[in-house]
Amino acid sequence: MLKVFIFKKRTLYVALGILLAVIIGIAVMVTMSGSDETFSETIKYAYKKISPEQAKILIEKNQDVVILDVRNEKEYGQGHLPQATLMTFRELKKSLSDFDREQIYMLYGEDDRDSAKVAQYLGNNGFARIYMLKGGIDQWPYEIE
Numbered sequence: 018m019l020k021v022f023i024f025k026k027r028t029l030y031v032a033l034g035i036l037l038a039v040i041i042g043i044a045v046m047v048t049m050s051g052s053d054e055t056f057s058e059t060i061k062y063a064y065k066k067i068s069p070e071q072a073k074i075l076i077e078k079n080q081d082v083v084i085l086d087v088r089n090e091k092e093y094g095q096g097h098l099p100q101a102t103l104m105t106f107r108e109l110k111k112s113l114s115d116f117d118r119e120q121i122y123m124l125y126g127e128d129d130r131d132s133a134k135v136a137q138y139l140g141n142n143g144f145a146r147i148y149m150l151k152g153g154i155d156q157w158p159y160e161i162e
């Protein structure tokens with residue numbers, strides 16, 4: 018009778034070990050899938066959402082980064098990031114052939130919606146180094162012009 022009890026206890030420990038391994042595996046998968054990098058089968062290249070802190074570092078470490086403000090002219094006039102170029106989605110589509118596909122682009126708008134649309138468009142047209150300011154200009158805590 019004692020052997021049967023030990024066997025069942027041992028089986029219980031093995032089952033708990035397997036269950037624990039499955040839970041840890043699921044937690045790791047969930048954590049890794051929480052990335053701000055966006056991609057799908059329809060997007061040829063990924064773009065990355067970055068925080069204002071990450072954007073500031075990107076700008077400081079890459080003097081040739083192109084900062085595109087995708088808002089309208091009135092919003093741009095009310096304040097924009099230093100060195101930012103106003104480029105509405107319509108203008109960008111017209112002059113896409115003038116852009117270097119190897120260049121680093123940092124996009125921002127009023128919120129994530131407009132800049133995400135531009136980022137997806139650039140990604141679908143062969144641009145591989147696209148960063149998008151998470152939360153738009155409203156989240157930018159640093160100096161604006």
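For reference, each letter of the sequence shown is one residue, going 18 to 162 in our numbering.
Backbone N, C-alpha and C define an ideal beta-carbon position, used for all residues, glycine too.
Predicted model only: the values in this text are computed from it and were never measured.
Continuous alpha helix (DSSP H) stretch holding residue 138: start and end
129-141
Compute the distance between the beta-carbons of residue 132 and residue 124, then report whether it is under 8 angstroms.
Taking the C-beta atoms as reference points, residue 124 is found nearer than 8 angstroms to residue 132.
Let me check understanding here. Comparing Cα to Cα, which of 153, 107 and 161 lies closest to residue 127?
Considering only alpha carbons, the answer is 153.
Can you list, in chain order, the residues of its chain whose CB lies under 8 angstroms from that of residue 69, leaving out five sequence neighbours each side?
150, 151, 152, 156, 157, 158 and 159
Residue 104 burial status per 10 Å Cβ neighbour count (16 or more: buried):
buried
Given a cut-off of 8 angstroms, decide if residue 83 and residue 102 are closer than it, judged by their beta-carbon atoms.
Against a cut-off of 8 angstroms, the Cβ pair of residue 83 and residue 102 comes out as a contact.
Pick out whichever of 90, 122 and 135 has its Cα sitting closest to the Cα of residue 75.
122
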